[in-house]
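**Student:** For the record, the sequence lines run as chains L and D. FYI, in my numbering the residues of the first sequence are 1 to 188. FYI, in my numbering the residues of the second sequence are 1001 to 1188. Idealized CB from N, CA, C, for every residue including glycine. As the structure is a prediction and not an experimental result, all values here were calculated from the model.
Number of protein chains: 2
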Amino acid sequence: MGTRLAMVEAAAGLLDREGPAGVTLRAVAKAVGVSHNAPLKHFRDKEALLAAVAAAELRKLAEARLAVSPTLAPLTRVKRMLMVKMRWALLRPQRFKLTYGAWSRPDEDLSHAAHEAREIFVQAVANAQSAGELPKGDPERVASLMRAITHGAVDLALSGHLDRKGKGRADPQDLIEDLFVLLAARKG
Amino acid sequence: MGTRLAMVEAAAGLLDREGPAGVTLRAVAKAVGVSHNAPLKHFRDKEALLAAVAAAELRKLAEARLAVSPTLAPLTRVKRMLMVKMRWALLRPQRFKLTYGAWSRPDEDLSHAAHEAREIFVQAVANAQSAGELPKGDPERVASLMRAITHGAVDLALSGHLDRKGKGRADPQDLIEDLFVLLAARKG
DNA sequence: ACCTGAACACCGTTCAAGT
DNA sequence: ACCTGAACACCGTTCAAGT
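Structure follows, in structure tokens:
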């Protein structure tokens, strides 16, 4: 399978099961069945391995967005693409936190994957604007607004700052829909 | 000054200057001038110290929000309170990331401080609604929408996912203002 | 090209002990 | 009540060496 890929997958699995503290180079090596320092032959340091995990997640995200049927109504496609990210983040919170976490230096692959995933979404937003289903204006900026809501709602929910219980019910999906209601009132 | 408080401040300082990796119990102890394991006499473990740092940040945030002049127009107060958080997050990114990061167990003080800060904001939103300056509806939910935008915009900006340069210019403040434009179109 | 084993400096945490 | 010093298991990373 390629030792390098096996290490990336082992790291992702450890992250899911044991959290960030559980992802050690030594545990990854053990899971793959090599000596404790073998990972450093494939990655310059621990962060490079984590960046590879994050980049792989973003590539899968981009792929899933491309798989959203192009025959759907343009605005529905935009919503579906947001849902793709929202569901991924709620299903794999540790991977989401890692991917959007703090990197001490830029990583080529990671930046590229992030750019790809973002462009796919911006294009979908531009299409919905052309179809008159979203307010006009810089598609990058409209897309940023949607991304911010989604990202913020998910992150607040994951850190327990959203308080789903009680009448203030507001899970990430509710908030995203609230934004679309506001945008619909302005469309054209 | 109280050794415990000194430890919390030392930890916050280390976090600002050297990032999460720089915050070790041993470095905190050294900064305070005690033996390497003295912090564990004040905090049950490292996470408890970090939670104390986060709780202190949220208490300061709540205080700053309370300090927003009550003579301002209700909607202006709401905006100012969001700006308080936004500016804090952009000025002290490491503290922001820590505060809303992953905690392996609930912390009494931290939860309480978060609740206080949130309530102050929700109350301001409710006031703006009563004054007809925001759309009607559950104030908790309207507040959540605003908090999600703010949180998401800041977090994306801090992780370099917002792309300020180019025409897609959208810093956190821009996005917050975009939301208010949408809300204004619906007010009453 | 890819891996191993020993070694180093560092870490969180525990424990017995001191004032 | 608060702190110390030794000790333990663990970690990332380096290095010399092996195939």
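Whose CA, out of D:L1183, D:A1006, D:W1088 and D:S1035, lies closest to the CA of Q1129 of chain D?
**Tutor:** When only C-alpha atoms are compared, the closest one is D:L1183.
**Student:** Using a threshold of 8 Å, state whether the C-beta atoms of P1039 of chain D and M1081 of chain D are closer than that.
**Tutor:** Not closer than 8 Å, so no.
**Student:** Run down chain D in chain order and give the residues with a C-beta less than 8 Å from the C-beta of A128 of chain L.
**Tutor:** What A128 of chain L touches in chain D: nothing, since even the nearest Cβ is about 16 Å away.
**Student:** Using CA atoms only, rank isn't needed, just tell me which of L:G101, L:R147, L:L91 and L:L50 is closest to F180 of chain L.
**Tutor:** Looking at the Cα atoms, L:R147 is the closest of the given residues.
**Student:** Report the rounded CA-to-CA distance for A11 of chain L versus A1073 of chain D, giving the unit in angstroms.
**Tutor:** A11 of chain L and A1073 of chain D: Cα-Cα distance of roughly 52 Å.
**Student:** Helix, strand or coil: how does DSSP classify R26 of chain L here?
**Tutor:** If DSSP states are grouped into helix, strand and coil, R26 of chain L belongs with the helices.
**Student:** Could you tell me whether the Cβ of E133 of chain L comes closer than 8 Å to any Cβ of chain D?
**Tutor:** Not closer than 8 Å to any Cβ of chain D, the Cβ of E133 of chain L fails to qualify, so no.
**Student:** Along chain L, which residues have their Cβ under 7 Å away from the Cβ of I1149 of chain D?
**Tutor:** Within 7 Å Cβ-Cβ: A148, I149 and G152.
**Student:** Does the pairing of the segment 1102-1118 of chain D with the segment 116-136 of chain L give three or more beta-carbon distances under 8 Å?
**Tutor:** At 8 Å Cβ cutoff, the stretches do not touch.
**Student:** Would you decide whether K1136 of chain D is buried or exposed? Buried here means 16 or more other CB atoms lie within 10 Å of its CB.
**Tutor:** With fewer than 16 Cβ atoms within 10 Å of its Cβ, K1136 of chain D is classed as exposed.
**Student:** Return helix, strand or coil for L72 of chain L, following the three-state DSSP convention.
**Tutor:** In this structure, L72 of chain L counts as coil in the three-state DSSP scheme.
**Student:** Return the CA-CA distance between H1042 of chain D and G2 of chain L, expressed in angstroms with no decimal places.
**Tutor:** C-alpha separation (whole angstroms): 48 Å.
**Student:** Within a Cβ cutoff of 6 Å, which residues of the same chain sit near K167 of chain L, ignoring the five residues on either side of it in sequence?
**Tutor:** In this predicted model, K167 of chain L has a pLDDT of only 47, less than 50, meaning its place in the structure is not dependable; the value taken from the coordinates is given anyway. Excluding sequence neighbours, K167 of chain L sits near nothing in its chain.
**Student:** I think A1153 of chain D touches V1122 of chain D, with their Cβ atoms under 8 Å apart; what is that distance to the nearest whole Å?
**Tutor:** Contact flag wrong, Cβ pair sits at about 20 Å.
**Student:** How many whole angstroms separate the CB atoms of L1110 of chain D and A1055 of chain D, which I take to be in contact at a CB cut-off of 8 Å?
**Tutor:** About 4 Å; that satisfies the 8 Å criterion.
**Student:** Please tell me whether K97 of chain L has its Cβ less than 8 Å away from any Cβ of chain D.
**Tutor:** Closer than 8 Å: yes.
**Student:** Cα-Cα, which of D:A1048, D:V1068, D:H1161 and D:L1058 is closest to H161 of chain L?
**Tutor:** It is D:L1058.
**Student:** Consider the Cβ of A1114 of chain D: report whether some Cβ of chain L lies at a distance smaller than 8 Å.
**Tutor:** Cβ-Cβ to chain L under 8 Å: yes for A1114 of chain D.
**Student:** Taking C-alpha atoms, which residue in L:T99, L:L134 and L:G132 lies nearest to D16 of chain L?
**Tutor:** When each option's Cα is compared against that of D16 of chain L, the closest is L:T99.
**Student:** Over the uninterrupted alpha helix (DSSP H) stretch that includes K46 of chain L, give me the two end residues.
**Tutor:** Here the alpha helix (DSSP H) through K46 of chain L covers K46 to L66.
**Student:** Check whether chain D comes within 8 Å of G101 of chain L, counting only Cβ atoms and requiring the distance to be less than that.
**Tutor:** Cβ-Cβ to chain D under 8 Å: yes for G101 of chain L.
**Student:** Along the chain, where does the alpha helix (DSSP H) containing K41 of chain L start, and where does it finish?
**Tutor:** No alpha helix (DSSP H) contains K41 of chain L, which DSSP labels as neither H nor E.
**Student:** Confirm, please, whether the CB-CB distance from A170 of chain L to E1133 of chain D is below 8 Å.
**Tutor:** Cβ distance not < 8 Å, so E1133 of chain D and A170 of chain L don't count as in contact.
**Student:** Check this for me: beta carbons of L1005 of chain D and L145 of chain L, under 8 Å apart or not?
**Tutor:** No.
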